[in-house]
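Chemist:
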Amino acid sequence: MRKQAISRLLAGSALLVLGGCQSLPPSVMVSDPASAKAQAGTPVGKNQVGEACEYRPSSQRDADLDASRAFGVWCGTWRQPSGRIFEAMQTRDGAAPLTQLATASLWRSYLNQRATCTAPTPTSILDGVPAVLMQCTEHNGGWPHVAVAATLGGKTFMSDGVPSAMPAVEAAIASLAGRPLAQGARSAATTLVDQRLTTQPFGSGDLDRYFGLMRLGDSKNTVDDFSGAEDAFRDALAVQQRILGPNNPGLAMPLMHLALQISNQERFAEAGALFARARSLLADGADPLVVARLDYYLAMHALNQKLLADAKALAQKAEKEYAAFVPPGMAEAALRGSPAPAAASAGRGSTLTALQPLIVDPQAEQGIRGLAAVLRLQSTMAYDGGAYGEAHKIADQARALLNVSGLNPPGTAPRVIRVAALSDAAIGDLSAAERGLRESAYLFDQVTPNEKPLAITLFLAGREAQTRGDLDRAL
Numbered sequence: 005m006r007k008q009a010i011s012r013l014l015a016g017s018a019l020l021v022l023g024g025c026q027s028l029p030p031s032v033m034v035s036d037p038a039s040a041k042a043q044a045g046t047p048v049g050k051n052q053v054g055e056a057c058e059y060r061p062s063s064q065r066d067a068d069l070d071a072s073r074a075f076g077v078w079c080g081t082w083r084q085p086s087g088r089i090f091e092a093m094q095t096r097d098g099a100a101p102l103t104q105l106a107t108a109s110l111w112r113s114y115l116n117q118r119a120t121c122t123a124p125t126p127t128s129i130l131d132g133v134p135a136v137l138m139q140c141t142e143h144n145g146g147w148p149h150v151a152v153a154a155t156l157g158g159k160t161f162m163s164d165g166v167p168s169a170m171p172a173v174e175a176a177i178a179s180l181a182g183r184p185l186a187q188g189a190r191s192a193a194t195t196l197v198d199q200r201l202t203t204q205p206f207g208s209g210d211l212d213r214y215f216g217l218m219r220l221g222d223s224k225n226t227v228d229d230f231s232g233a234e235d236a237f238r239d240a241l242a243v244q245q246r247i248l249g250p251n252n253p254g255l256a257m258p259l260m261h262l263a264l265q266i267s268n269q270e271r272f273a274e275a276g277a278l279f280a281r282a283r284s285l286l287a288d289g290a291d292p293l294v295v296a297r298l299d300y301y302l303a304m305h306a307l308n309q310k311l312l313a314d315a316k317a318l319a320q321k322a323e324k325e326y327a328a329f330v331p332p333g334m335a336e337a338a339l340r341g342s343p344a345p346a347a348a349s350a351g352r353g354s355t356l357t358a359l360q361p362l363i364v365d366p367q368a369e370q371g372i373r374g375l376a377a378v379l380r381l382q383s384t385m386a387y388d389g390g391a392y393g394e395a396h397k398i399a400d401q402a403r404a405l406l407n408v409s410g411l412n413p414p415g416t417a418p419r420v421i422r423v424a425a426l427s428d429a430a431i432g433d434l435s436a437a438e439r440g441l442r443e444s445a446y447l448f449d450q451v452t453p454n455e456k457p458l459a460i461t462l463f464l465a466g467r468e469a470q471t472r473g474d475l476d477r478a479l
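Here the sequence shown is numbered in this note's numbering, starting from 5 and rising by one per residue.
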């Protein structure tokens with residue numbers, strides 16, 4: 005009876021890694037709103053949906069872009085920039101140098117990590133300033149994106165952002181080059197962008213609502229509120245579908261999130277239909293990280309239905325897909341599986357310092373988070389199958405990966421530690437089990453205080469203390 009109850013607990017908690025592996029792109033992460041508001045901005049008119057815009061210096065310049073300065077273009081009420089502008093260290097004057105910059109450069113690598121972009125197209129910004137333009141699609145959510153490089157006033161500017169912010173981005177570049185704007189002018193680049201968009205223009209407010217709802221769904225999921233998470237993801241899907249249309253591949257992301265929450269509530273037929281729709285939207289050239297996430301979610305969907313063979317096969321597939329993006333040094337450290345104490349994982353030791361530049365890559369970060377989540381799921385399934393030593397080993401690998409990367413997806417580490425502790429209990433090491441469960445409870449208290457995951461872990465720790473005869477600690 006005890007084993008059966010723990011199996012149900014682990015099967016349910018395996019689904020909670022969703023919040024931990026969900027990773028929004030750096031362009032939508034809120035860092036320090038108060039600091040951002042304190043900076044004085046330079047007005048640059050409105051975007052195409054009527055939101056007022058301004059630009060101001062950015063402290064988040066990527067040092068690997070060979071940029072001397074960086075700026076953010078902020079529109080509407082969104083607390084993140086709608087566009088980013090980098091002033092290159094080296095001037096690239098003429099069509100060929102600009103095309104080279106947009107084809108094979110550190111800036112193009114920066115874009116490739118965040119979006120899928122076309123080859124550069126010659127065009128012009130402002131009142132005929134030569135430029136090259138790339139039409140892009142963001143990896144996260146499939147949102148249209150645009151990137152432009154141009155040289156003005158002896159300075160080369162590299163920019164990217166929301167399509168509707170193009171007029172404001174161009175105005176900011178003109179201001180930075182010390183050039184007055186021709187009011188009401190419409191550039192060739194803006195016309196090209198408009199021709200690509202087959203749906204209504206969207207502004208910062210739309211993105212703010214979409215990503216806000218996705219974060220809300222994650223937070224609800226993390227505390228076992230699957231119904232609340234379903235509502236949030238359903239609303240996010242509605243926002244995106246209204247703007248991008250019903251057949252855009254970007255819809256696969258909110259669809260699979262929604263499907264998993266419905267599966268968590270054991271509405272398996274409904275969840276299966278949504279997963280199938282998400283799969284159909286992902287073409288052969290889909291982002292492999294999105295494909296990996298779908299396979300991982302399908303593994304949890306199979307586990308919900310007690311289809312263990314299917315769950316294991318899908319988890320192994322997702323593991324390989326995520327591992328392809330993990331820096332080799334970190335993958336090797338995970339395989340060695342020598343986790344440091346939880347307190348030490350917050351620090352950045354010499355090993356992490358050597359690997360830290362690799363984490364700047366958003367795709368590597370998603371790979372690390374996803375691989376840790378899959379390892380935790382595999383540890384859960386090993387425990388459920390009675391392979392307690394294997395469960396502990398895999399949990400140690402997940403924890404080692406998080407430690408060496410310095411990443412701490414909310415809720416992942418305490419669940420990894422909890423599986424290892426329950427494995428200790430199953431093989432009779434009650435002292436280690438109690439220590440692990442108390443550590444897990446402490447970490448849960450840091451990320452989800454006074455919520456269900458913490459309560460469950462405290463009950464488990466109390467049970468192990470009672471088994472050892474320590475009734476005071478159990479109580």
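We treat Cβ as the ideally placed atom computed from N, Cα and C, and that holds for glycine.
For A119, I'd like the list of residues in its chain whose CB is within less than 7 Å of its CB, leaving aside the five on either flank, ordered along the chain.
Modeler: Counting only Cβ-Cβ distances below 7 Å, and skipping sequence neighbours, we find C140, T141, E142, H143, H149.
Chemist: Taking its Cβ as the centre, do 16 or more other Cβ atoms sit within 10 Å of D450, making it buried, or is it exposed?
Modeler: A small fix is needed here, since residue 450 is Gln in this sequence, not Asp. Exposed: under 16 other Cβ atoms inside 10 Å.
Chemist: Examine chain C for any beta-carbon lying closer than 8 Å to the beta-carbon of T46, and answer yes or no.
Modeler: Among the chains in the structure shown there is no chain C, since it carries only a single protein chain.
Chemist: Taking buried to mean at least 16 other C-beta atoms within 10 Å of its own C-beta, is R96 buried or exposed?
Modeler: So R96 counts as buried.
Chemist: Between P457 and the rest of its own chain, which residues show a CB-CB distance below 6 Å, the 5 nearest in sequence each way excluded?
Modeler: So the qualifying residues of the chain are F448.
Chemist: Which value, in whole angstroms, describes the spacing of the CA atoms of K397 and L318?
Modeler: Taking the straight line from one Cα to the other gives about 20 Å.
Chemist: I need the DSSP call for S72, collapsed to helix, strand or coil.
Modeler: Here S72 sits in strand by DSSP.
Chemist: Look up P47 in the DSSP assignment and give the residues it is bridged to.
Modeler: E58, per the DSSP bridge assignment.
Chemist: Buried or exposed for G132, please, with buried defined as at least 16 other CB atoms from any protein chain shown within 10 angstroms of its CB.
Modeler: G132 should be labelled exposed.
Chemist: Answer with buried or exposed for G473, where buried requires no fewer than 16 other C-beta atoms within 10 angstroms of its C-beta.
Modeler: Classification for G473: exposed.
Chemist: Leaving aside the five residues before and after A338 along the sequence, list all residues of the same chain whose C-beta is less than 6 Å from its C-beta, in chain order.
Modeler: The residues are Q401, A404, L405.
Chemist: Between which two residues does the beta strand (DSSP E) harbouring L286 extend?
Modeler: From DSSP, L286 is part of no beta strand (DSSP E); its letter is neither H nor E.
Chemist: Using a Cβ-Cβ cut-off of 7 Å (strictly less than) and excluding sequence neighbours within five positions of A169, which residues of its own chain qualify?
Modeler: For A169, where only same-chain residues beyond five positions count, the Cβ hits under 7 Å are N51, C57, V77, C79, S86, G87.
Chemist: Where does S128 sit, in a helix, a strand or coil, going by DSSP?
Modeler: Residue state, collapsed to three classes: strand.
Chemist: Go to V152, then tell me how far its beta strand (DSSP E) extends in each direction, as first and last residue.
Modeler: It spans 148-156 - the beta strand (DSSP E) in which V152 sits, taken as one unbroken run.
Chemist: Tell me the residue span of the alpha helix (DSSP H) that contains F463.
Modeler: F463 -> alpha helix (DSSP H) spans 456-471.
Chemist: Could you tell me if A172 is buried or exposed, where buried requires 16 or more neighbouring beta carbons within 10 angstroms of its beta carbon?
Modeler: Answer is buried; the Cβ neighbour count reaches 16.
Chemist: For S63, does the count of other Cβ atoms within 10 angstroms reach 16, so buried, or fall short, so exposed?
Modeler: It is exposed - the Cβ of S63 has fewer than 16 other Cβ atoms within 10 Å.
Chemist: Note down the Cα distance separating P332 from S409, rounded to an integer number of angstroms.
Modeler: So the alpha carbons of these two residues sit roughly 12 Å apart.
Chemist: Between which two residues does the alpha helix (DSSP H) harbouring P258 extend?
Modeler: Where P258 is concerned, the enclosing alpha helix (DSSP H) stretches over 256-268.
Chemist: In the DSSP output, which residue or residues are listed as bridge partners for W78?
Modeler: E58, per the DSSP bridge assignment.
Chemist: How far does the beta strand (DSSP E) with A135 in it reach, from first residue to last?
Modeler: Taken as a continuous stretch (DSSP letters only), the beta strand (DSSP E) holding A135 covers 133-142.
Chemist: Under three-state DSSP, which class holds S383?
Modeler: Helix, per DSSP.
Chemist: For Q244, which residues from the same chain have a beta carbon less than 7 Å from its beta carbon, with the 5 sequence-adjacent residues on both sides left out?
Modeler: Excluding sequence neighbours, Q244 sits near G145, Y214, G254, L255, P258.
Chemist: DSSP three-state call for F230: helix, strand or coil?
Modeler: In the structure shown, F230 sits in a helix (DSSP, three-state: H, G or I).
Chemist: Give the DSSP-derived three-state secondary structure of M93 in the structure shown.
Modeler: Looking at M93 - three-state DSSP - the assignment turns out to be coil, as it is neither helix nor strand.
Chemist: DSSP puts G165 in a beta bridge; with which residues?
Modeler: DSSP output for G165 lists G87, V150 as bridge partner(s).
Chemist: Looking at the structure shown, is T120 part of a helix, part of a strand, or coil, going by DSSP?
Modeler: T120: strand per DSSP, three-state reduction.
Chemist: Using C-beta distances below 6 Å, list every residue in its chain close to A437, excluding the 5 sequence neighbours before and after it, in chain order.
Modeler: Answer for A437: A425, D428, A429, E468, listed in chain order.
Chemist: Do the segment 174-182 and the segment 263-279 touch if we need at least three Cβ pairs shorter than 8 Å?
Modeler: Taking 8 Å as the limit for Cβ pairs, the verdict is that the segment 263-279 does not touch the segment 174-182.
Chemist: I need the DSSP call for T107, collapsed to helix, strand or coil.
Modeler: T107 falls in the helix class under three-state DSSP.
Chemist: Between which two residues does the alpha helix (DSSP H) carrying Q401 extend?
Modeler: From DSSP, the alpha helix (DSSP H) with Q401 extends over 392-409.
Chemist: Assign T160 to one of three DSSP states: helix, strand, or coil.
Modeler: Residue state, collapsed to three classes: strand.
Chemist: If you reduce the DSSP assignment to three classes, tell me which class P101 lands in.
Modeler: It is helical.
Chemist: Do the CB positions of L293 and G371 come within less than 8 Å of each other?
Modeler: Yes, Cβ-Cβ distance for L293 and G371 is below 8 Å.
Chemist: Anyone know if the C-beta pair for A106 and I89 falls short of 8 Å?
Modeler: No, the Cβ-Cβ distance between A106 and I89 is not below 8 Å.
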